[in-house]
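For the sequence shown, my numbering gives the first residue as 40, with consecutive numbering after it. In what follows, a single structure is set out as structure tokens and then discussed.
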Amino acid sequence: METIRILMFPWLGYGHITPYLELAKKLTTRNFIIYLCSTPANLCCIKQNISEKFAHSIQLVSLHLPTLPGLPPHLHTTNGLPLDLMPTLKEAFDMAEPEFANILSAARLAHL
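See below:
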């Protein structure tokens, strides 16, 4: 059976990331390799929720957002982000489009 590679790219909040991670775990039982893309601020917490059973089939991909005034890298997540910084996070997210394009071109994916 052919292995299918998929990149998952949820919004930067745990409420979005957690369901994606659960779906990724289910897909790995059907010969999928999942690349889960998020910021390092999110990936450190996601990594803790990937057991050894899934370590080879769920790969974490870092998307580095630009650092903007008032938005240091540890706030490149909605977790603990003050509401007044949400527009700044969205701006940094939009500015990361070229890096995300590089991630896409470097990956050998079946579906997005």
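Each residue gets a CB set at the ideal place from its N, CA and C atoms; glycine is no exception. This one's a predicted model, so the numbers in the text were calculated from it and none came from an experiment.
* **Candidates Lys64, Thr42, Gln87 and Leu128: closest to Pro108 by CA position** => Leu128
* Asked: Can you tell me whether Pro49 is buried or exposed, with buried defined as 16 or more other CB within 10 angstroms of its CB?
  -> buried
* To do: Classify Ile89 as helix, strand or coil using the three-state DSSP reduction.
  => coil
* Please name the residue, chosen from Thr78, Lys92, Ser144 and Lys86, that lies closest to Ala135 on a Cα-to-Cα basis. => When the alpha-carbon of Ala135 is set against those of Thr78, Lys92, Ser144 and Lys86, the nearest one is in Thr78.
* Beta-carbon proximity list for Thr67, same chain, < 7 Å, skipping 5 on both sides -> Ile73, Phe93, Ser96 and Ile97
* Which residues does DSSP pair with Arg44 in a beta bridge? -> Ile72
* Asked: From which residue to which residue does the beta strand (DSSP E) around Ser101 run?
  -> Run containing Ser101: Ile97 to Ser101, per the beta strand (DSSP E) assignment.
* With distances taken Cα to Cα, identify the nearest neighbour of Glu91 among Thr117, Ser101, Lys64 and Val100. => Lys64
* List the endpoints of the continuous alpha helix (DSSP H) containing Asp133. => Judged by DSSP secondary structure, Asp133 falls within the alpha helix (DSSP H) whose first and last residues are Met125 to Met134.
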